[in-house]
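Here the structure is laid out as structure tokens; the discussion comes afterwards.
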Amino acid sequence: AHRARAVDRSGAPRLQVRGLTTDATRGASPLRGVDFDLWPGEVLGIAGVDGNGQKHLAEVLAGQRAAASGSISLGGTDVTGDAVPERRRRGGGYVTGERVGEGTVGIFSVATNLVLKEIGTPPFFRRGISDWDHIHAHAKALIKRNDIRTPSEKTQVAKLCGGNNQKVLLGRELNGEASVVIFNKPTYGLDLQNTRLAHERILAGAEQGLATVVISTDLDELLEISDRMGVMFQGHLAGIVENGPDVERKVGLLMTGAKAA
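Residues in the sequence shown are numbered consecutively from 403, following this note's numbering.
Here it is in structure tokens:
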């Protein structure tokens, strides 16, 4: 079932990507001139067969990979050269499907993982020293708000199940500061219930005006939550189509490198 929801595209886009390219790396296709706009409250699904540039797209949008050329503008500000902390301050969030390792550090506590991208910065750190009272109070609030099932905020993240690990990531990235969030395979390896919870969380964010990119190889997932769908093909964004009755045929054409007529 596709979503029928009007997105207001009359104002300025929240995220603008122009001519984005990346350098080749082993085992992942680089980007070759990716362009798109994303508006507040919109969910843009990015489909494609794995290995067509999705990993590079997620990482370069998140600030974890340098762009070789092109630009990324967040809320009208060029953030192409900004690292993760600066992008977060400007409202950028990133939720990876690689929850343990890339998304969280297994041996660290839930509390530490919830401030992982704020390390060294106030209010959780004063002159570089951890303010544990502040960190633990912050964690308790997020655990409650995100229904994270954990014995305590001091429990190692590695001891949580996949669904609760995902809730730690969502709690950290979908904070009040976020205005654009990139999801890369958000429900990879999750059971049905936690997949549904993740979808509900993504859609609730969109209702509140969050601009959202969801990169997934699961076409059914994208059909369910996206307003528009783009397809990655050999490092290019082959095209973007509105989610609607004929979208599966159009996406299928784009996946083979043909134009969606």
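Positions of the beta carbon are idealized from the N, C-alpha and C atoms, including for glycine. Here the structure is a predicted model, which means the values were calculated and not measured.
Item, Value
"Under a three-way DSSP split, which group does I531 fall into?", "strand"
"Output the distance between the C-alpha atoms of A600 and P588, rounded to the nearest integer angstrom.", "7 Å"
"Kindly indicate which three-state DSSP category L446 falls into: helix, strand or coil?", "strand"
"Are the Cβ atoms of V512 and V583 separated by less than 8 Å?", "no"
"Would you mind working out which of A580, V419, F585, Q636 sits nearest S431, comparing C-alpha positions?", "Q636"
"Tell me, to the nearest whole angstrom, how far the beta carbon of I448 is from that of G632; I am working on the premise that it is less than 8 Å.", "5 Å"
"With 16 as the cutoff for other CB atoms within 10 Å, does G455 come out buried or exposed?", "buried"
"To the nearest angstrom, how far is the alpha carbon of A580 from that of Q610?", "11 Å"
"Within 8 Å, do at least three Cβ pairs link the region 541-555 to the region 509-525?", "yes"
"Determine the extent of the beta strand (DSSP E) in which E644 is found, giving its start and end residues.", "638-644"
"With distances taken Cα to Cα, identify the nearest neighbour of R371 among G413, L624, D439.", "No information on residue 371 is available, as it lies outside the stretch 403 to 663 that the chain covers here."
"For G435, tell me which candidate among S412, S473, G646 has the shortest Cα-Cα distance.", "S473"
"Return the residue from the list G573, I550, E575 that minimises the CA-CA distance to C563.", "I550"
"What's the C-alpha gap between Q466 and A485?", "7 Å"
"Use the C-beta contact count for I521: other C-beta atoms within 10 angstroms, 16 or more gives buried, fewer gives exposed.", "exposed"
"To the nearest angstrom, how far is the alpha carbon of I545 from that of G453?", "35 Å"
"What separation, rounded to the nearest whole angstrom, lies between the Cα atoms of T423 and L463?", "11 Å"
"Identify, in the order they occur along the chain, each residue of the same chain with its Cβ nearer than 8 Å to the Cβ of P683, setting aside the five sequence neighbours on each side.", "A query on residue 683 cannot be resolved here, the shown segment of the chain reaching from 403 to 663 and no further."
"Considering only C-alpha positions, which residue in the set T498, H638, T557, A640 is nearest to E575?", "T498"
"Our contact map puts L433 next to L459 with C-beta atoms below 8 Å; I'd like the distance itself, whole angstroms only.", "6 Å"
"Which residue marks the beginning of the beta strand (DSSP E) containing Q418, and which one marks its end?", "417-423"
"Exposed or buried, what is V451 when buried is set at 16 or more other beta-carbons lying within 10 Å of its beta-carbon?", "exposed"
"Can the beta-carbon of T614 be found less than 8 Å from the beta-carbon of V409?", "no"
"Tell me whether G478 is buried or exposed, calling it buried when 16 or more other Cβ atoms sit within 10 Å of its Cβ.", "exposed"
"Rounded to whole angstroms, what is the Cα-Cα separation between D437 and S471?", "12 Å"
"Looking at C-alpha atoms only, which residue of D620, Q568, F527, P415 is the closest neighbour of E500?", "Q568"
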